[in-house]
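Heads up: the protein sequence lines correspond to chains A and B, in order. Residue 31 in full-length UniProt numbering sits at position 31 of the first sequence; the count goes up by one each step and never skips. Residue 121 in full-length UniProt numbering sits at position 121 of the second sequence; the count goes up by one each step and never skips. Following: one structure in structure tokens, then a few remarks.
Protein chains: 2
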Amino acid sequence: MERMDQARARMWLSTAVAEARAGLAEGGIPIGAALYGADGALLGRGHNRRVQDGDPSMHAETSAFRAAGRQRSYRGTTMVTTLSPCWYCSGLVRQFGISRVVVGEAETFHGGHDWLAEHGVEIVLLDDPECAALMRDFIKDHPALWNEDIGE
Amino acid sequence: MERMDQARARMWLSTAVAEARAGLAEGGIPIGAALYGADGALLGRGHNRRVQDGDPSMHAETSAFRAAGRQRSYRGTTMVTTLSPCWYCSGLVRQFGISRVVVGEAETFHGGHDWLAEHGVEIVLLDDPECAALMRDFIKDHPALWNEDIGE
Numbered sequence: 001m002e003r004m005d006q007a008r009a010r011m012w013l014s015t016a017v018a019e020a021r022a023g024l025a026e027g028g029i030p031i032g033a034a035l036y037g038a039d040g041a042l043l044g045r046g047h048n049r050r051v052q053d054g055d056p057s058m059h060a061e062t063s064a065f066r067a068a069g070r071q072r073s074y075r076g077t078t079m080v081t082t083l084s085p086c087w088y089c090s091g092l093v094r095q096f097g098i099s100r101v102v103v104g105e106a107e108t109f110h111g112g113h114d115w116l117a118e119h120g121v122e123i124v125l126l127d128d129p130e131c132a133a134l135m136r137d138f139i140k141d142h143p144a145l146w147n148e149d150i151g152e
Numbered sequence: 001m002e003r004m005d006q007a008r009a010r011m012w013l014s015t016a017v018a019e020a021r022a023g024l025a026e027g028g029i030p031i032g033a034a035l036y037g038a039d040g041a042l043l044g045r046g047h048n049r050r051v052q053d054g055d056p057s058m059h060a061e062t063s064a065f066r067a068a069g070r071q072r073s074y075r076g077t078t079m080v081t082t083l084s085p086c087w088y089c090s091g092l093v094r095q096f097g098i099s100r101v102v103v104g105e106a107e108t109f110h111g112g113h114d115w116l117a118e119h120g121v122e123i124v125l126l127d128d129p130e131c132a133a134l135m136r137d138f139i140k141d142h143p144a145l146w147n148e149d150i151g152e
């Protein structure tokens, strides 16, 4: 797999940001994700659904993974997420052999992306100011909800 | 939290085994799980739903976690599973601070339970012959489906 260029990473991130904004508009936690295939096709997209569905298992990444349905292999796929993936979502990436993770930002929450890099996953960290602002504002306004979502 | 006695662990495992058997009867992958509260109350139970719902995100443990709904804290809870948890489900346990994992067997699949133990999770490994037989038979009859479920 060739290394990703930043322009494509930012284009794909915009799909995840649109999901995060949709979640926010629904009164939810503003984290979005998208799973892209090895050929660049969008396989699935989604956002955190804790508030909307009362479902703690649907983080942004698991939601995008679920939307992609059954896949025979995740080789060459890219998980794009507005926020550094928590251990739950990092475990998803490792178990299923997702090849690359594009991370919008890891400033408001530092999840398992270093661990994934150690285990051979390509990490593209974008330090995106829009992603960081979305989370910073949300955490300030809803600290208890955010802590619930990360088990703290 | 006091250490778990084996009689209680085996009693709780029977709930997970019943889930695994229900999944098998539906034509699915025979892995079941249950989440118990600190007070011993059953919070949620479920089984792998890849085949039944075409949903790769519903492993047994995530299914039980989902069925338990939103919880403010997982301190003192126990995840009981018929099979050693994969990285995805191990990440779930670590992220949400689930205190203990009862594992039916780790012979047919060795997941992340050692990693969890290193990170302070109490692991009760039961080496249950019924759990092992369920998986051994399933893997023999449906190797491709099993490999799909663990991303291999």
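Cβ coordinates follow ideal geometry from the N, Cα and C atoms, glycine included. No experiment lies behind these values; they were computed from the predicted model shown.
With a minimum length of 4 residues, the unbroken runs of alpha helix (DSSP H) contained wholly in the segment 45-132 of chain A fall at 50-53, 60-67, 87-96, 113-118. Residue 120(A) does not reach chain B, its nearest Cβ partner there being about 13 Å away, counting only Cβ pairs nearer than 9 Å. In chain order, 52 place their CB closer than 7 Å to the CB of residue 26(B), counting only its own chain and leaving out the 5 sequence neighbours on each side.
Closest in C-alpha terms to residue 10(B), from the list 115(B), 101(B), 139(B), comes 101(B). Counted as a single uninterrupted DSSP element, the alpha helix (DSSP H) harbouring residue 9(B) occupies residues 6-25. By the neighbour-count criterion, in which a residue is buried when 16 or more other Cβ atoms sit within 10 angstroms of its Cβ, residue 147(A) is exposed.
Judged by their CB atoms, residue 64(A) and residue 19(A) are nearer to each other than the 9 Å cut-off. The Cβ-Cβ distance between residue 13(A) and residue 82(A) falls below 9 Å.
Minimum Cα-Cα distance from residue 108(B) among the listed residues 66(B), 151(B), 131(B) corresponds to 131(B). In this structure, 120(B) is the residue among 114(B), 120(B), 85(B) with its C-alpha nearest to the C-alpha of residue 97(B).
Among the CB atoms of chain B, none fall inside 9 Å of the CB of residue 139(A). Sorting 94(B), 54(B), 55(B), 59(B) by C-alpha distance to the C-alpha of residue 45(B) places 59(B) at the top. Residue burial is scored here from C-beta neighbours: residue 129(B) has fewer than 16 other C-beta atoms within 10 angstroms and is therefore classed as exposed. For residue 136(A), the closest alpha carbon among the candidates 6(A), 105(A), 79(A) is that of 105(A). In this structure residue 50(A) is buried. Its beta-carbon is surrounded by 16 or more other beta-carbon atoms within 10 angstroms.
For the options 24(A), 42(A), 48(A), 29(A), the alpha carbon positioned closest to that of residue 74(A) is the one of 42(A).
The CB of residue 55(B) comes closer than 7 Å to the CB of 66 in chain A, given here in chain order.
Judged by beta-carbon spacing, residue 138(B) lies beyond the 9 Å limit of residue 56(B), meaning their Cβ atoms are not closer than that value. Out of 133(B), 22(B), 93(B), the CA that lies nearest to the CA of residue 80(B) is found in 93(B). At a cut-off of 9 Å between C-beta atoms, residue 73(A) counts as an interface residue with respect to chain B. Collapsing the DSSP output to three states places residue 38(B) in coil. Counting C-beta atoms within 10 angstroms of its own C-beta, residue 6(B) has fewer than 16 neighbours from the protein chains shown and is therefore classed as exposed. Residue 94(B) reaches chain A at 87, counting residues in chain order whose Cβ is nearer than 7 Å.
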